[in-house]
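**Student:** Residue numbers (numbering that gives the first Met the number 0), protein chains in the order written: chain W, 0 to 423; chain A, 0 to 382. Can you read through this structure? Questions will come right after.
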Amino acid sequence: MININILKPTSSNFQTYLYIGSALIFIGIFDVFLRSFFNINYLTFLPGSLNFLFPLIIGLVGLQMIRLEYSGNRIVDKINQNINNNTFNAGLTLIIIFLTLLVIPPALDWMILEATISGDTKEACVATEGACWTYIKVWFRRFMYGMYPNDFHWRINTAFIVLIAFAFVGYFMRGKLKNYITFYYAILYPIIAFVIINFLISGGSFGLEWVETNAWGGLSLTFIVSFFGLIFCFPLGMILALGRRSELPVIRYISIGYIEFWRGVPLITVLFMSSVMFPMFLPSDAFVDKLIRVIAAIILFEAAYVAEVIRGGLQALPRGQYDAAKSLGMGYWKMQIFVILPQALKLVIPGIANTFLALVKDTPLIFVVGLSEVVGMLQMAKTNPKWLGYAMEGYIFASILFWAICYAMSKYSQYLELKYKTER
Amino acid sequence: MNHKIKSIIPQLLTLLFVVAVIGFFTINAQLNMEERGIDFGYGFLNQESSFDVQFSLIEYDGSHSYAKAYLVGLLNTILVSVLGIIFCTIIGVIIGIARLSPNYLIRNTAAWYVEFFRNVPLLLQIFFWYYAALRALPLPENTEPLFGVTYLTVKGYYIPRLIWENFDILIYSILAAIISIVFIRNYARKLQEEKGQQLPVLLISAGLLLVFPAITFVTGMVQLEVALPVLKQLSKTSFIYAEGLSIPPELLALVLALSLYTATFVAECVRAGIQGISKGQKEAAASVGLTPNQILKLVIMPQALRIIIPPTTNQYLNLTKNSSLAAAIAYPDLVLVFAGTALMQTGRAIEIVSITMLTYLTLSLSISVLMNWYNKKIAIKEK
C-alpha cells in the first residue's frame, strides 16, 4: 500500500524525517531570529504575504514531519507530547515562539540597553530612545513616602520596623503565654500599631514635629491603609458572617442588609461618601481626620466581602460538628470559638487571601479623596512640568511593585493553606 | 420562658444599637443642614444643569435638567459595562481553555497572563492604557488605516458609521426570528424526549437569524448605508476624522483595562468549571455510545456551566462596579457626571451620593436576584 501522506513519518524511516523536520524548524526560527535581532530578511524574493508567512509554513511542515506517537527518542517524544500534539497546537506553539523572538529585541532595547539611570535631571534622558529610569530614581523617595518631609523619613522606617518586630512576637510565645496569642493579635496588636503610627509617623509629641495626614503618601500609605484594613475587617466580617447564620431573625436580617448593601455599591462611591457625606452625619464641632475616615470606609466595605467568604466556610461544615459541640454541652460562643470557626476559617484561607489582595489592590482608589499613595504619586510626578512624558516608566515601576506584593501574598496564602490542611 | 428571653435580649440590643446609630446620624445631618441653610429634597433634579458632557449616548447639553445628566451618566456606565462584559467573556473563555491546553507553551503563557493582570491594581491598568499606551498613538493626520476603513489615533478610534433606514423593521424581524427559534427548540426537546430524535437546532437557529433579516433587505424595507471616516481639517494643525463614528480614548482605555483585568477572573471560573467535571462523566457518556460532540454538548457543558455561571456573574457585577473607576480618567460615567460635577455644582452631598449608591445597589441586587433564581433552577435536584 502506498503511503499517500508523504509528511507522515513511520517508525522505520523516522530518522530521515527527524533530520529534515528539525532542519526545517530551525530554518523557520532562524529566519525570524534574523529578522527581529538583525533586521535581515533573506527572503525578499518571495512575494509579500508569503515572505511574511514563510517561517510559519516551513515550521509547521517541520513539526508535522517529526510528529510520531512513539519515536524512542526521549527529547522528540517530549516535544511531541507537550507542544506538538496536532497541527493546531503546533501552529500555536510556533506563533508563541515567533512572537517571543519578535518582542524581545525592542523590549530589551527599551528597558535595558538604551535606558538611562544616570544623572539627576531630565537632561540625562533626552539623548536616548530608551526608558528613563532616572525619573524613577529621582522620584523614588516620593513614591515611597509621599510628601512626607525628607528629614523625617526615618520615622516611617522605624515605625514599620517596630511594627514588623511586634508582629513576630507570636512566634516566641511559648507555654502558657500561647493561650493569649489570639488575644494579642486581635486586640493588643492593633492598639500597639495605632499608638506607634500615631506617635511616630503622625508625631506632635515627644519632641517630634507633627506631620498632617495630607502629606503622607506613597507606598508607606498603601501599607498603612491596607494594614489597618486587614486587621479590622477580619473580626468585623467574622461577626457579620455569624450574624447572617444566626437563628435570631433580627440579627440575621440586619446582617443580611449590611452585607448586601456594601457588596452592592462600588468602593469609589463609598469613599466619596466618607469624604463628602460623612461629615454631615457628625456633630458640627466633631472632626475626624480624612485618613481615618477613609480607612473606616474601607474596613466597613471589605468586611462585607470577608463575611461572605467566611459564611461559605461555615456552610461547608457538616451539621454533625454543630450537633457534636452542642451534645457536649457547649454554649453558642464556646461552640463557635472552639469548634466551628477554627475549622471554617481553615477552609476559607484562599478566599480570605483573595479578599485581602483585593483590599491591597483597592488602596489606590483613595486618590478620589485627595490622598495619594503610589499610583497617586505617579499621577503627581507625571504632571510635573520638569518630568513630562515619562508616564510609561512610572506605570511599569508601580506594576512591578504591586505585582510583587500581591504575588508574595498569594504565595503566602498557599503556604498557609498547606500548613493548616488536615486530612478529612 | 427562660429560653425565649435569652433569644430576645441580644436581638433587642442589636436593634437598639442600629437605631441609635442611625438616629444619631439623622439628627446630626438635620442640625448640620439647618446650620448651612440647605433643605433636604430632590427638587434640584428638575433644575437646569448648565454643564456639558463630552460623550453622551442621548441628546444632552447644559440646558437640560440634572435628571437628564443622571441619565447620560447611567447610560455611559451601562455602555462600558456591557462592552467590558462582552470582551472579558471572550478573552476569559479563551484563556481559561488555554490554561487546560495540553500544549506546554500555551498553558504557561495563559498562566502568566492571569498571574500578571490580576495582581496589578485595576486603576493602575486604566492609567497605563490611557496615559501611556494610547497616548503613544499617532495624530489623526499621520494615521495608517487599520482593517482598511478604521483609524486608531491618539484622539480616539474612528470607525465607519452605519446609517439604517427603517431600523425598527430589522429589529422586528430579529425578534420574530428569536421567537420562532424558541418554538423550534421546545419542539426539538419534545421530539428528543418522546422519540429520541435530534434536530440540528443550532443550524436551524443560525439560519433563521440570517434569513429573517435578509428578507427585509431583499424586499427593500430596510436599507443600510455606510459613512466612512474622512480626514477633516479643523485648524492649521488640528485634524479629526469626521462622518464616521468616533470612540473616545477614555472609553477605549476603560474597556481595555476592565476586560483584560476581569478576563483573568473569568478565566479562572471557566477553568474551575471544566476541571470540576469528573473524568467518569466523560467515560460514562462515551461508553453509552455518545459521539465526542454529543459528550461535550449534552454531558460536559451543562454540568460545567452550572459551576461556571454563578461565579462569572459575580465577576460581571464586579466589572460593573469597577466601571466607576472611569471617573479617574474623566470618562463621563455616573460617578463623574453625577457624583462629581453635579455634586460640585449643587452641593447636595446626601441626596446625590445616596442616589448614586442606590443606583448601583439596584443594579447589583437585581442581578443577584436573577442569579439566585437561575441557581435554583439549574441546581441538581437530589432525591
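By construction, the Cβ of each residue, glycine as well, lies at the ideal position given by its N, Cα and C atoms.
Report the option in A:142, A:160, A:147 whose CA atom is closest to the CA atom of residue 154 of chain A.
**Tutor:** Within the second sequence, residue 154 of chain A is the residue found at index 155, counting from 1. Cα-wise, what sits closest to residue 154 of chain A is A:142.
**Student:** With a CB to CB cut of under 6 Å and the five nearest residues on each side skipped, what residues in its chain are close to residue 101 of chain W?
**Tutor:** Translated into the one-based positions of the first sequence, residue 101 of chain W becomes position 102. Only 35 meet the Cβ criterion.
**Student:** Which chain W residues are close to residue 349 of chain A, counting only those with a beta carbon under 8 Å from its beta carbon?
**Tutor:** Your numbering for residue 349 of chain A matches position 350 in the second sequence. Under the 8 Å cutoff, chain W gives 276, 279.
**Student:** Quick check on residue 136 of chain A - is its C-beta less than 8 Å from some C-beta in chain W?
**Tutor:** As a first step, residue 136 of chain A must be located in the second sequence, where it is residue number 137. False, the Cβ-Cβ gap to chain W never drops below 8 Å.
**Student:** Any chance you could list the alpha helix (DSSP H) runs of at least 4 consecutive residues sitting entirely within the stretch 32-110 of chain A, in chain order?
**Tutor:** Within the stretch 32-110 of chain A, the complete alpha helix (DSSP H) runs of at least 4 residues are 65-97.
**Student:** Starting from residue 356 of chain W, trace the alpha helix (DSSP H) in both directions and tell me its first and last residue.
**Tutor:** Position 357 of the first sequence, counted from the first residue, corresponds to residue 356 of chain W. Counting along the chain, the alpha helix (DSSP H) containing residue 356 of chain W begins and ends at 348-361.
**Student:** For residue 368 of chain W, list the residues DSSP reports as bridge partners.
**Tutor:** Reading the first sequence from its first residue, position 369 is the one you call residue 368 of chain W. Residue 368 of chain W is not bridged to any residue.
**Student:** Per DSSP, what kind of secondary structure is residue 160 of chain A in: helix, strand or coil?
**Tutor:** For the purposes of this step, residue 160 of chain A is taken as the residue at position 161 of the second sequence. In the structure shown, residue 160 of chain A sits in a strand (DSSP, three-state: E or B).
**Student:** Find the nearest neighbour of residue 173 of chain A within the set A:209, A:218, A:30, A:350, judged by alpha-carbon distance.
**Tutor:** Counting from one through the second sequence, the residue named residue 173 of chain A turns up at place 174. Taking only the C-alpha atoms, the option nearest residue 173 of chain A is A:209.
**Student:** How would you list, in chain order, the residues of chain A whose beta-carbon sits under 7 Å from the beta-carbon of residue 247 of chain W?
**Tutor:** Sequence index remark: in the first sequence, residue 247 of chain W carries index 248 (1-based). In chain order: 6, 9, 10.
**Student:** Less than 8 Å between the C-beta atoms of residue 161 of chain A and residue 223 of chain A, yes or no?
**Tutor:** Residue 161 of chain A sits at position 162 when you count from the first residue of the second sequence. Residue 223 of chain A sits at position 224 when you count from the first residue of the second sequence. The answer is yes: Cβ separation under 8 Å.
**Student:** Relative to the C-alpha of residue 261 of chain W, which candidate in A:302, A:361, A:339, A:329 has its C-alpha closest?
**Tutor:** In the first sequence, residue 261 of chain W corresponds to position 262, counting from 1. Among A:302, A:361, A:339, A:329, the Cα nearest to that of residue 261 of chain W is on A:361.
**Student:** Residue range of the beta strand (DSSP E) that residue 242 of chain A falls in?
**Tutor:** Residue 242 of chain A sits at position 243 when you count from the first residue of the second sequence. Note, residue 242 of chain A: premise wrong, no beta strand (DSSP E); not H, not E.
**Student:** Judging by CA-CA distance, which residue of W:58, W:15, W:9 is the nearest neighbour of residue 31 of chain W?
**Tutor:** Stepping through the first sequence from its first residue, residue 31 of chain W is reached at position 32. Taking only the C-alpha atoms, the option nearest residue 31 of chain W is W:58.
**Student:** Would you tell me roughly how many angstroms separate the C-alpha atoms of residue 28 of chain W and residue 54 of chain W, rounded to the nearest one?
**Tutor:** In the first sequence, counting from the first residue as 1, residue 28 of chain W sits at position 29. In the first sequence, counting from the first residue as 1, residue 54 of chain W sits at position 55. For residue 28 of chain W and residue 54 of chain W, the distance between alpha carbons rounds to 7 Å.
**Student:** When you compare the CB of residue 14 of chain A with every CB in chain W, is at least one pair closer than 8 Å?
**Tutor:** Within the second sequence, numbered from 1, the residue matching residue 14 of chain A stands at position 15. Yes, contact with chain W.
**Student:** Just how far apart, CA to CA, sit residue 220 of chain W and residue 371 of chain W?
**Tutor:** Here the question's residue 220 of chain W lines up with position 221 in the first sequence. Here the question's residue 371 of chain W lines up with position 372 in the first sequence. Residue 220 of chain W and residue 371 of chain W: Cα-Cα distance of roughly 8 Å.
**Student:** I'd like to know if residue 24 of chain A contacts chain W, where contact means its C-beta is closer than 8 Å to some C-beta of that chain.
**Tutor:** On the second sequence, residue 24 of chain A is found 25 positions in, with the first residue counted as 1. Residue 24 of chain A counts as touching chain W.
**Student:** Indicate whether at least one CB of chain W lies closer than 8 Å to the CB of residue 382 of chain A.
**Tutor:** The sequence position of residue 382 of chain A within the second sequence is 383, counting from 1. Below a pLDDT of 50, predicted positions are generally treated as unreliable, and residue 382 of chain A, at 47, falls in that range; the measurement from the model is reported next regardless. False, the Cβ-Cβ gap to chain W never drops below 8 Å.
**Student:** Check the Cβ-Cβ distances between residue 356 of chain A and every residue of chain W, and say whether any is below 8 Å.
**Tutor:** Residue 356 of chain A sits at position 357 when you count from the first residue of the second sequence. Answer yes: the Cβ-Cβ gap between residue 356 of chain A and chain W drops below 8 Å somewhere.
**Student:** If I follow the unbroken alpha helix (DSSP H) through residue 362 of chain A, where does it start and stop?
**Tutor:** Counting from 1 along the second sequence, the entry for residue 362 of chain A is found at position 363. Residues 348-377.
**Student:** Counting only runs of 3+ residues fully inside the stretch 166-236 of chain A, write out the beta strand (DSSP E) ranges in chain order.
**Tutor:** Whole beta strand (DSSP E) segments, 3+ residues: 222-226, 229-232.
**Student:** Would you grab the beta carbon distance between residue 224 of chain W and residue 362 of chain W for me? Rounded to a whole angstrom, and I think it's under 8 Å.
**Tutor:** Within the first sequence, the letter at position 225 stands for residue 224 of chain W. Within the first sequence, the letter at position 363 stands for residue 362 of chain W. With 8 Å as the limit, residue 224 of chain W and residue 362 of chain W qualify as a contact, their Cβ atoms being about 5 Å apart.
**Student:** Got a sec, what are the start and stop residues for the alpha helix (DSSP H) residue 311 of chain A sits in?
**Tutor:** Locating residue 311 of chain A in the second sequence gives position 312, where the first residue counts as 1. Segment 300-321, the alpha helix (DSSP H) holding residue 311 of chain A.
**Student:** Only counting the same chain, and skipping five residues up and downstream in sequence, which positions put a Cβ closer than 7 Å to that of residue 264 of chain A?
**Tutor:** Start at 1 with the first residue of the second sequence, and residue 264 of chain A comes out as number 265. Same-chain partners within the cutoff: 117, 314.
**Student:** Who are residue 145 of chain A's beta bridge partners in DSSP?
**Tutor:** For the purposes of this step, residue 145 of chain A is taken as residue 146 along the second sequence, with counting starting at 1. In the DSSP output, where bridge partners are listed per residue, residue 145 of chain A has A:149.
**Student:** So, residue 99 of chain A versus residue 270 of chain A, is the Cβ gap smaller than 8 Å?
**Tutor:** Walking along the second sequence from the start, residue 99 of chain A turns up at place 100. Walking along the second sequence from the start, residue 270 of chain A turns up at place 271. For residue 99 of chain A and residue 270 of chain A, yes; Cβs fall inside 8 Å.
**Student:** Checking the sheet assignment: what are the DSSP bridge partners for residue 405 of chain W?
**Tutor:** Here residue 405 of chain W corresponds to residue number 406 of the first sequence, with the count starting at 1. Residue 405 of chain W pairs with nothing; no bridge assigned.
**Student:** Determine the direct distance from the alpha carbon of residue 377 of chain A to that of residue 190 of chain A, and round the result to whole angstroms.
**Tutor:** Sequence index remark: in the second sequence, residue 190 of chain A carries index 191 (1-based). Sequence index remark: in the second sequence, residue 377 of chain A carries index 378 (1-based). Computed Cα separation, rounded: 22 Å.
**Student:** Which residues in chain A sit within 8 Å of residue 364 of chain W, going by Cβ to Cβ distance?
**Tutor:** If you number the first sequence from 1, residue 364 of chain W lands on position 365. Within chain A, the residues near residue 364 of chain W are 122, 324.
**Student:** Using the Cβ count rule (16 or more neighbours within 10 Å means buried), how would you classify residue 352 of chain A?
**Tutor:** In the second sequence, counting from the first residue as 1, residue 352 of chain A sits at position 353. With 16 or more other Cβ atoms within 10 Å, it is buried.
**Student:** Enumerated in chain order, which unbroken segments of the alpha helix (DSSP H) with a length of 4 residues or greater are wholly contained in the stretch 314-340 of chain W?
**Tutor:** Fully enclosed alpha helix (DSSP H) runs of 4 or longer: 318-326, 331-334.
**Student:** Taking the CB atoms as reference points, tell me whether residue 356 of chain W and residue 300 of chain W lie closer together than 8 Å.
**Tutor:** On the first sequence, residue 356 of chain W is found 357 positions in, with the first residue counted as 1. On the first sequence, residue 300 of chain W is found 301 positions in, with the first residue counted as 1. Going by C-beta atoms, residue 356 of chain W is not nearer than 8 Å to residue 300 of chain W.
**Student:** Using only the alpha-carbon positions, how far apart do residue 0 of chain W and residue 88 of chain W sit?
**Tutor:** For the purposes of this step, residue 0 of chain W is taken as the residue at position 1 of the first sequence. For the purposes of this step, residue 88 of chain W is taken as the residue at position 89 of the first sequence. Bear in mind that a pLDDT of 41 at residue 0 of chain W, under 50, signals an unreliable position, so the number given afterwards is only what the model happens to contain. Going from the Cα of residue 0 of chain W to the Cα of residue 88 of chain W covers about 30 Å.
**Student:** With a cut-off of 8 Å, does the C-beta of residue 2 of chain W fall near any C-beta of chain A?
**Tutor:** Working through the first sequence from its first residue, we reach residue 2 of chain W at position 3. Low confidence applies here, because residue 2 of chain W scores a pLDDT of 48, under 50, leaving its location unreliable and the question unanswered by this model.
**Student:** Pull up the distance between the alpha-carbon of residue 230 of chain A and that of residue 115 of chain W, whole angstroms please.
**Tutor:** Here residue 230 of chain A refers to the residue found at position 231 when the second sequence is read from its first residue. Here residue 115 of chain W refers to the residue found at position 116 when the first sequence is read from its first residue. Near 39 Å, if we compare the C-alpha coordinates of residue 115 of chain W and residue 230 of chain A.
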